[in-house]
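In my numbering, the protein residues as written are 108 to 437.
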């Protein structure tokens, strides 16, 4: 496999997720809006989602996921010198969620910042952390995707409110000396990121501090998003294959952004990835935006599917539009 020359690889040490305490089924939503379990499952594959309570925020979910990831990685907060949080739903306009996590964990050294690429955020954050670690400037990164999208939803709009949930997932990446060419390289092998602002009005929130001075609600043209999503996913996944001389058959696991079941299935089919290699958790969590991939990784690691040495492709597409992929040797 080919990748940019660097004395370091960014190796995954641990991953974990954290969900709010309140689980909301499709049947419960049907009591509030004009929908049904059958309608939601048929169109999205979603059966339930988790919704943050009054005492739960993006930063509290992120901090809880971070603590679990550190435990899984056998690392202490003092080992972390880089914290990146991917989110579109921060607690405040500022300070960043990342600095709140940093403070919550008692980390006083290093750097912490937020990154916003909507549903693509975690892939963008992994790629960014990889660049920091491979440069030699930092040694151990906490990469988090955390969202409370329930606070952006119009709960009377059944076309959007049934799709999303809240949650957080975290990954610990550590710089390790690059393996000799005769050895199987571990860590982030390649990443490919894209953006095209011409499509910004297809998926957006109609509020913000410099426009309406309010939070606003999520707006989405679902058919256009679906139409673009499958092609964009194909673009960045094939770019990763081409960069590394790999293909669908080489993958052990394909972990896509958990937008809805139709996009996941259509993307895997178009890429020629066998269904049994696809990690799907959208039925349990709904679309948690930047949190969806680390939550899915946490599920697949926790139940023993993803093992050391496995080749894992992650990919996502989100508002903007943004889209990206990363190929990781576990």
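Ideal Cβ positions, reconstructed from N, Cα and C, are used throughout, including at glycine.
Checklist entry - Which two residues bound the contiguous beta strand (DSSP E) that contains residue 145? => result On the chain shown, position 38 is the one that residue 145 refers to. Element bounds for residue 145: not the beta strand (DSSP E) but the alpha helix (DSSP H), 144-151.
Checklist entry - With which residues is residue 206 paired in a DSSP beta bridge? => result As a first step, residue 206 is located in the chain shown; it is residue number 99 there, counting from the start. Beta-bridge partners assigned by DSSP to residue 206: none are found.
Checklist entry - CA-CA distance, residue 268 and residue 228? => result In the chain shown, counting from the first residue as 1, residue 268 sits at position 161. In the chain shown, counting from the first residue as 1, residue 228 sits at position 121. Roughly 21 angstroms separates the two Cα atoms.
Checklist entry - Can you tell which of 206, 331, 311, 381 has the C-alpha that lies nearest to the C-alpha of residue 190? => result Start at 1 with the first residue of the chain shown, and residue 190 comes out as number 83. Nearest to residue 190 by alpha-carbon distance, out of 206, 331, 311, 381, is 206.
Checklist entry - Can you tell me the Cα-Cα spacing of residue 300 and residue 293, whole angstroms? => result Reading the chain shown from its first residue, position 193 is the one you call residue 300. Reading the chain shown from its first residue, position 186 is the one you call residue 293. Annotation: residue 300 to residue 293 spans about 21 angstroms, alpha carbon to alpha carbon.
Next on the checklist: How far does the beta strand (DSSP E) with residue 115 in it extend, from its first residue to its last?
Outcome noted: For this step, residue 115 is matched to residue 8 along the chain shown. Where residue 115 is concerned, the enclosing beta strand (DSSP E) stretches over 115-125.
Item to check | residue 215, enclosing beta strand (DSSP E) - first and last residue | outcome: Along the chain shown, read from residue 1 onward, the residue named residue 215 stands at position 108. From DSSP, residue 215 is part of no beta strand (DSSP E); its letter is neither H nor E.
Next on the checklist: Which same chain residues end up closer than 7 angstroms to residue 289 when comparing Cβ atoms and leaving out the 5 residues on each side of it in sequence?
Outcome noted: Position 182 of the chain shown, counting from 1, holds the residue named residue 289. Its pLDDT being 48, under 50, residue 289 is placed unreliably by the model, and nothing is read from it.
Item to check | Coil, strand or helix - residue 254 by DSSP | outcome: As a position in the chain shown, residue 254 is number 147, starting the count at 1. Strand, per DSSP.
Item to check | Where the alpha helix (DSSP H) through residue 372 begins and ends | outcome: As a working mapping, residue 372 is identified with position 265 in the chain shown. First-last of the alpha helix (DSSP H) with residue 372: 368-378.
Checklist entry - Exposed or buried, which one is residue 262 when buried takes at least 16 other CB atoms within 10 Å? => result Sequence index remark: in the chain shown, residue 262 carries index 155 (1-based). Per the 10 Å Cβ criterion, exposed.
Checklist entry - Nearest CA to the CA of residue 170: which residue from 352, 330, 211? => result Position 63 of the chain shown, counted from the first residue, corresponds to residue 170. Checking every option, the nearest Cα to that of residue 170 belongs to 211.
Next on the checklist: If I follow the unbroken beta strand (DSSP E) through residue 363, where does it start and stop?
Outcome noted: Mapped onto the chain shown, residue 363 falls at position 256. According to the DSSP assignment, residue 363 belongs to the beta strand (DSSP E) that extends over 360-363.
Item to check | Check: residue 117 C-beta below 7 angstroms from any heavy atom of the ligand MG | outcome: Of the ligands one can find in the structure shown there are none, so the ligand MG has no counterpart to examine.
Checklist entry - Tell me, which residues are paired with residue 62 by DSSP? => result Residue coverage of the chain in this structure runs from 108 to 437, which leaves residue 62 outside it and unanswerable.
Item to check | Nearest to residue 430 (by Cα), restricted to the options 410, 390, 363 | outcome: Here residue 430 corresponds to residue number 323 of the chain shown, with the count starting at 1. Selected option, being the one with the closest Cα: 363.
Next on the checklist: Using 8 angstroms as the threshold, is the C-beta distance between residue 192 and residue 208 below it?
Outcome noted: Here residue 192 refers to the residue found at position 85 when the chain shown is read from its first residue. Here residue 208 refers to the residue found at position 101 when the chain shown is read from its first residue. Yes, these two residues count as a Cβ contact at 8 angstroms.
Checklist entry - Quick one: Cα of residue 213 to Cα of residue 119, how far? => result Counted from its first residue, the chain shown places residue 213 at position 106. Counted from its first residue, the chain shown places residue 119 at position 12. Straight-line measurement puts the Cα of residue 119 at about 22 angstroms from the Cα of residue 213.
Checklist entry - Any idea what DSSP makes of residue 155, helix, strand or coil? => result Position 48 of the chain shown, counted from the start, is the residue given in the question as residue 155. Assignment of residue 155 by DSSP, reduced to helix, strand and coil, places it in the strand class.
Item to check | Neighbour-count burial assignment, residue 177, 16 or more Cβ in a 10 Å radius | outcome: Numbered from its first residue, the chain shown carries residue 177 at position 70. Buried is the call here.
Item to check | Ordered list of alpha helix (DSSP H) runs contained in the segment 316-364, each at least 4 residues | outcome: Qualifying alpha helix (DSSP H) stretches, in chain order: 329-351.
Checklist entry - Helix, strand or coil for residue 289 per DSSP? => result In the chain shown, counting from the first residue as 1, residue 289 sits at position 182. Only weak support exists for where residue 289 lies, its pLDDT of 48 falling under 50; the value from the coordinates is given anyway. Note: residue 289 maps to coil in three-state DSSP.
Next on the checklist: Suppose you measure from the CA of residue 280 to the CA of residue 204; what does that come to, to the nearest Å?
Outcome noted: The residue you call residue 280 lines up with position 173 of the chain shown. The residue you call residue 204 lines up with position 97 of the chain shown. Those two C-alpha atoms are separated by around 19 angstroms.
Item to check | CB contact flag (residue 275, residue 125, <8 angstroms) | outcome: Translated into positions along the chain shown, residue 275 becomes position 168. Translated into positions along the chain shown, residue 125 becomes position 18. Contact flag set, yes.
Item to check | Neighbour-count burial assignment, residue 223, 16 or more Cβ in a 10 Å radius | outcome: Stepping through the chain shown from its first residue, residue 223 is reached at position 116. Flag for residue 223 reads buried.
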